[in-house]
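Note sheet for the following structure.
Residue numbers (our numbering): 2 to 250.
What follows is the structure in structure tokens.
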């Protein structure tokens, strides 16, 4: 029925034709459970990959002698984590049509296959979308996506990450060694209670948080991390850390 309506009636709506066609396509997919699984099977991966300085526009005010306010647009730099959110999609028609529709309505732009959505308000940052093979990638860093598009940099979905993503409904990964430096560059100062803990993080490796979603009436989340290599082994190191924390209390 949605395909029939799109074929015979969408042309009657003039400038809203593309919106109606997209909506009918979404309805057709929503009514087919297998089609939904092709568009977004539910495997998500978020990778935090360092820091980058972003230019941010904001609104300030100047006042004359009579205290009349004049709005002034200013720009400043902020250091933020660079992230890439990705998921598999074997049927990207709905996503691509939605992105193309946004471009046609001048909500976004596309450069060399990367969709760019500029900030609409002073507090917002631009977002970028790349469709590559059967992956959809969303990031706040166009440079990373451009490197992935040109195969200059492997997508976060390397073999380990792809396996992680496909086996779970939600996955997140971060390199704990980079966290202390990231917080310092962002201007975040931990209190004394956390200083020692953060200083020890540079001994750890990659950390992943995964969840298979709600199974039955339970939602389970797992976390794995690469512990420091010590002569006594990882288990001994972990027990020492637990005992050290208990002795603080």
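Beta carbons are placed, not taken as given, at the ideal position from N, Cα and C, and that holds for glycine.
(Q) Going by beta-carbon coordinates alone, are residue 213 and residue 169 separated by less than 8 Å? (A) Yes, the Cβ-Cβ distance between residue 213 and residue 169 is below 8 Å.
Q) Going by the CB atoms, is the gap between residue 40 and residue 1 shorter than 8 Å? A) Because the chain here runs from 2 to 250, residue 1 falls outside it and cannot be looked at.
(Q) For residue 222 and residue 61, I'd like the C-alpha separation in whole angstroms. (A) Roughly 43 Å separates the two Cα atoms.
Q: Compare the Cα-Cα distances from residue 58 to each of 67, 68 and 72 and report the closest residue.
A: Comparing Cα positions, the closest option is 72.
**Q.** C-beta contact flag for residue 128 and residue 118 at 8 Å
**A.** In this structure, residue 118 lies closer than 8 Å to residue 128 by Cβ.
Q. Where does residue 1 sit, in a helix, a strand or coil, going by DSSP?
A. Beyond the ends of the chain as shown, which are 2 and 250, falls residue 1; an answer cannot be given.
Q: Just the C-alpha distance for residue 53 and residue 67, rounded to the nearest angstrom, thanks.
A: Straight-line Cα distance between these residues: approximately 41 Å.
Q: For residue 211, count neighbouring C-beta atoms within 10 Å of its own C-beta (all shown protein chains included) and say buried if the count is 16 or more, exposed if not.
A: By the neighbour-count rule (16 or more Cβ atoms within 10 Å), residue 211 is buried.
Q. Quick one: what does DSSP say residue 107 is sitting in, helix, strand or coil?
A. Here residue 107 sits in coil by DSSP.
Q.
Just to confirm my understanding: we take residue 150, look at its own chain, exclude 5 residues before and 5 after, and list those with CB closer than 8 Å. What are they?
A. For residue 150, the CB contacts under 8 Å within the same chain, skipping 5 residues up- and downstream, are 113, 114, 115, 131 and 133 in chain order.
Q: Identify which residue in 46, 145, 109 and 110 has its Cα closest to the Cα of residue 90.
A: Out of 46, 145, 109 and 110, 46 has the C-alpha closest to the C-alpha of residue 90.
Q. Tell me the DSSP bridge mates of residue 136?
A. Residue 136 is bridged to 89 and 133.
Q. If residue 207 sits next to residue 174, beta carbons under 8 Å apart, how far is it from one beta carbon to the other, in whole angstroms?
A. Residue 207 to residue 174, Cβ: 6 Å. Contact.
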